[in-house]
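Chemist:
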Amino acid sequence: MKLSKKYAGILICSILLSVCVSAQETAPSTETAEKGWQFSGAVTASGSFNQYKDWQEGGTDTSALGGQVDLEATCLKEHSEWKTNLKVEYGITKSDDEDTRKAVDKILLKSLYDYKFSHRVGVYARISADSAITESYKYYEDPVDAVFINSRDPESGKTKIKISDAFEPLNLEEGAGLSFLLFKNEDDSRKVTFLLGAAARQLVESNYFIESDDETTETLEFIKIDTYDDIGAEGGLDLTWKIMENARFTSNAMSFYGVDNEFWKVTWDSSLIINLGKYWGVSLSALMVYDELVFEDPQWKTTSLITLTYRLF
Numbered sequence: 324m325k326l327s328k329k330y331a332g333i334l335i336c337s338i339l340l341s342v343c344v345s346a347q348e349t350a351p352s353t354e355t356a357e358k359g360w361q362f363s364g365a366v367t368a369s370g371s372f373n374q375y376k377d378w379q380e381g382g383t384d385t386s387a388l389g390g391q392v393d394l395e396a397t398c399l400k401e402h403s404e405w406k407t408n409l410k411v412e413y414g415i416t417k418s419d420d421e422d423t424r425k426a427v428d429k430i431l432l433k434s435l436y437d438y439k440f441s442h443r444v445g446v447y448a449r450i451s452a453d454s455a456i457t458e459s460y461k462y463y464e465d466p467v468d469a470v471f472i473n474s475r476d477p478e479s480g481k482t483k484i485k486i487s488d489a490f491e492p493l494n495l496e497e498g499a500g501l502s503f504l505l506f507k508n509e510d511d512s513r514k515v516t517f518l519l520g521a522a523a524r525q526l527v528e529s530n531y532f533i534e535s536d537d538e539t540t541e542t543l544e545f546i547k548i549d550t551y552d553d554i555g556a557e558g559g560l561d562l563t564w565k566i567m568e569n570a571r572f573t574s575n576a577m578s579f580y581g582v583d584n585e586f587w588k589v590t591w592d593s594s595l596i597i598n599l600g601k602y603w604g605v606s607l608s609a610l611m612v613y614d615e616l617v618f619e620d621p622q623w624k625t626t627s628l629i630t631l632t633y634r635l636f
C-alpha cells in the first residue's frame, strides 16, 4: 500500500518523537533536576480612534480595535524540552462610511519537542498549523466585475470580493531532525537554536483565490489556488534575546524545499515587546511569507501597537 506524503511526514515525526521519549532513561544527564510543566498566558488588547469636525487641515474618521490571546505550555526535563503554543489574533478597522474590515485574522498552533544528546546537539520533532478564523475579502474603491477561472460564477458591480472561507487556507507543517544550540546564557533569557531536518508541508483549502496579474483583460480574474502535499528538507533559526529587564526580541526563520513540486517556502517572524508598566506596553512585529506555489513575490506585514496586556497565569 502506498503511503501518502502527508501521512509519511507525520509518521516520521511520530517515530522520532517516540524514540526520543523512550531514550530519556539512558541518555547522559545535562541537568540535575526535572523542572516539570510551566504555563503562561496573556490577553492583549489595542485600539485607536480618530474623529474630525470642521478640521481645516482635513482628516478621515477612523477606528481600529484588536486583540490577541497567547497561551504556552512548556515541559522541561533533564534532557528535553517540549513547548506548545496557541496564538489567536483578530483586529478590525473602520474608516468614514466604509464597511468594517478585518485588519488581522490568524490562529496558530505549534508544538516542538527537543531532546538533547549533549549540551549543544540533539534531535527535534515539530508540528504546526495556521489559518484564518473568518472569511476574507478583497476591497475596491469602485465597483468591479470579477471572473473566477474554472470555478464559481462571475460577480458584477461589487466593491468587495470574497477570496476565502473561514479556516481557509489551512497550512500544515511537520518536521524532524537535528537541533544545534548555538548560544544560551545561564537563565535562558538569551538563546539561539538552529534546526535542520526532513519535513513535510501541506496547503489544505477548497475556496481560496488570488487576483491574477494579467493586465490585458478588462475584468478582474481570480485564480483558485491548488492544494499541495510535499516532502523535502527544512532549516531554521530561532532566537530569543532579552535586551533589558522590560524588553525582549524574538525572531524565527524557517525555510523549506519541496522535492516533488520543486519549490521554496520561507517564513520569517520577528517581534520586539517592551513593557512600559504592569499592564501597558509597546509591540513591534514583522512577518514575511514566501511560497513559490502561491505567490511570486514575498508577502510582508508589519505592526506597531501600544497594548494593554493582562496575564492569565
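When you read off a place in the sequence shown, starting at 1, and then add 323, the result is the number in our numbering. For each residue, glycine too, the CB sits at the ideal point set by N, CA and C.
Are there 16 or more other CB atoms within 10 angstroms of the CB of PRO621, so buried, or fewer, so exposed?
Modeler: exposed
Chemist: Are the segment 598–611 and the segment 552–565 touching by the rule of at least three beta carbon pairs closer than 8 Å?
Modeler: no
Chemist: With DSSP as the reference, identify every bridge partner of TYR602, one or two as the case may be.
Modeler: TYR602 is not bridged to any residue.
Chemist: Between the Cα of GLU412 and the Cα atoms of GLU404, ASP422, ALA426, ASP420, which residue gives the shortest distance?
Modeler: ALA426
Chemist: Return the residue from the list SER502, LYS406, GLY370, ALA523 that minimises the CA-CA distance to ILE554.
Modeler: ALA523
Chemist: Measure the Cβ-Cβ separation of LEU624 and LEU610 and say whether it is below 8 Å.
Modeler: Here residue 624 is Lys; the residue named in the question, Leu, does not match the sequence. LEU610 is positioned such that its CB atom lies closer than 8 Å to that of LYS624.
Chemist: Please classify ARG634: is it buried, with 16 or more other beta-carbons within 10 angstroms of its beta-carbon, or exposed?
Modeler: By the 10 Å Cβ count, ARG634 comes out exposed.
Chemist: Verify whether the separation of the beta carbon atoms of GLY559 and ASN584 is less than 8 Å.
Modeler: no
Chemist: Compare the beta carbon distance of LYS439 and ASN408 with 8 Å and say whether it is the shorter of the two.
Modeler: no
Chemist: Measure the Cβ-Cβ separation of PHE532 and ILE486 and say whether it is below 8 Å.
Modeler: yes
Chemist: Express the C-alpha separation of TRP378 and ALA396 in angstroms, rounding to a whole number.
Modeler: 50 Å
Chemist: Using 10 angstroms around the beta-carbon of LEU501, count the other beta-carbons present and answer buried if the total reaches 16, otherwise exposed.
Modeler: exposed
Chemist: What does the alpha-carbon distance come out to for the pair PHE372 and PHE506?
Modeler: 43 Å
Chemist: Excluding sequence positions up to five away, which residues of its chain have a Cβ less than 6 Å from the Cβ of LYS429?
Modeler: GLU412
Chemist: How about SER369 and LEU628: do their beta carbons lie closer than 8 Å?
Modeler: yes
Chemist: Distance check for VAL467 and ASP614, CA to CA, integer angstroms please.
Modeler: 28 Å
Chemist: Do the CB positions of ALA452 and ASN494 come within less than 8 Å of each other?
Modeler: In this structure, ALA452 sits near ASN494, with a CB-CB distance shorter than 8 Å.
Chemist: DSSP beta-bridge partners for GLY630?
Modeler: The question names Gly, but residue 630 is Thr in the sequence shown. Answer is GLY604, bridged to THR630.
Chemist: With the cut-off set at 8 Å, would you say ASP419 and ASP384 are in Cβ contact?
Modeler: yes
Chemist: CB ILE415 to CB ILE472, shorter than 8 Å?
Modeler: no
Chemist: Between which residues of its own chain and TRP360 is the CB-CB distance below 6 Å, once the five residues before and five after are set aside?
Modeler: CYS398
Chemist: Do we get a CB-CB distance below 8 Å when we pair SER369 with the residues of chain D?
Modeler: Given the protein chain composition of this structure (a single chain), no chain D is represented.
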